[in-house]
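So the protein sequences, as listed, match chains C and D.
Residues 94 to 209, numbered by this note's numbering, are exactly what the first sequence covers, in order.
Residues 307 to 474, numbered by this note's numbering, are exactly what the second sequence covers, in order.
Quick reminder that beta carbons are idealized off the backbone N, C-alpha and C, glycines included.
Every value quoted in this text rests on a predicted model; they were computed, and no experiment measured them.
Inspection log for the structure reproduced underneath, given as structure tokens.
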Amino acid sequence: MGPLVGVLRASPDWWENFKVQPMVTDLDTTLAALADPTRRHVVELLRERPRRAGELAAACAMSGPAISRHLRVLRVSGLIEVEEERFDQDARLRVYRLRPEPFVTLTAWLDQMQAF
Amino acid sequence: MRPTDVVTATVEVAVNPATAFAIFTEEIGRWWRPGPINWNDSRRAVGMRFEPGVGGRWIEVHDEATGGGFECGRILVWEPGARLVFLYRDAGHEIDDTEVEVRFEAIDGGTRVTLEHRGWDKVLLDIAARKREIKRWGWVNILGWFSEWAFWGSPRRIQGSAAASEHY
């Protein structure tokens, strides 16, 4: 994880000493994904427990295709993943859950803001 | 046991594997973040330390003078710069003797540190999923502390850098 992109831009001289950029979840991508209130609601729902797309759609009062667009953004951005695919009478049910890495990165970036 | 029953966390640091291993083990007292939820016994905890070598322990220190405290881990494999494996436990004693492996692999410009927490078949079925989820977030957070110390704080961070090792 290491220093995050925003901090690196403020410390170019320090950065010259190192060849490798510590693996960083892209902060821009994470913030863009969280910029939408529906997606934040989905994240809050998944924080309680993993859920299927249908349940998320109902909780957000949205159609399947509409919630799928948001889930795709969250998935591509790395904030959620498919926990497992269950089968119920031949129907494939995808259960979504949060991934910790983007949230830990975001927390670390915010910690830098509060650093003494 | 399904592959999903193994909890993993990965981080990359800009020091060579031997240095990453040394920072992880010898400097755990510096990089482990204090805070009320980060200890087994927050009223008594003063730090963390590793006793090196197979059979050594990872201890949450409660007595600064003796170094004694709560045993978090018992080392099974101690391969500096490569691999660390220990039996893991916490104060709840619900996941005793699950196993943690930490691998240190050289990558271009540094080290990839991969942690794997497994052995969940030993844990009672009705609590295993919940404990795994806690650890899934916990280890990512903890490796984050380690990587930030390795980058910003550790006295080993310059001389142990992968770039430096090419010159010496």
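- Taking 8 Å as the CB threshold, D:R442 lines the interface with chain C.
- Assignment of beta-bridge partners to D:M354 by DSSP yields D:E366.
- Secondary structure at D:T404: strand, using DSSP grouped into helix, strand and coil.
- Chain D has no Cβ within less than 8 Å of the Cβ of C:V169.
- The Cβ of D:E411 sits no closer than 8 Å to any Cβ of chain C.
- Per DSSP, C:R187 is one residue of the beta strand (DSSP E) stretching across 184-191.
- D:V446 belongs to the set of residues whose beta carbon lies under 8 Å from a beta carbon in chain C.
- The alpha carbon of C:W202 has as its nearest neighbour, out of D:V391, D:D414, D:V408, D:E454, the alpha carbon of D:E454.
- A direct Cα-Cα distance of roughly 32 Å separates D:E422 from D:A371.
- Burial is judged here by how many other beta carbons sit within 10 angstroms of a residue's own beta carbon; C:L149 has at least 16 and is buried.
- Beta-bridge pairing by DSSP links D:T316 to D:T420.
- DSSP places C:F180 within a strand segment (E or B) once states are collapsed to three.
- Taking a 10 Å sphere around the C-beta of D:V319, we find 16 or more other C-beta atoms and assign the residue as buried.
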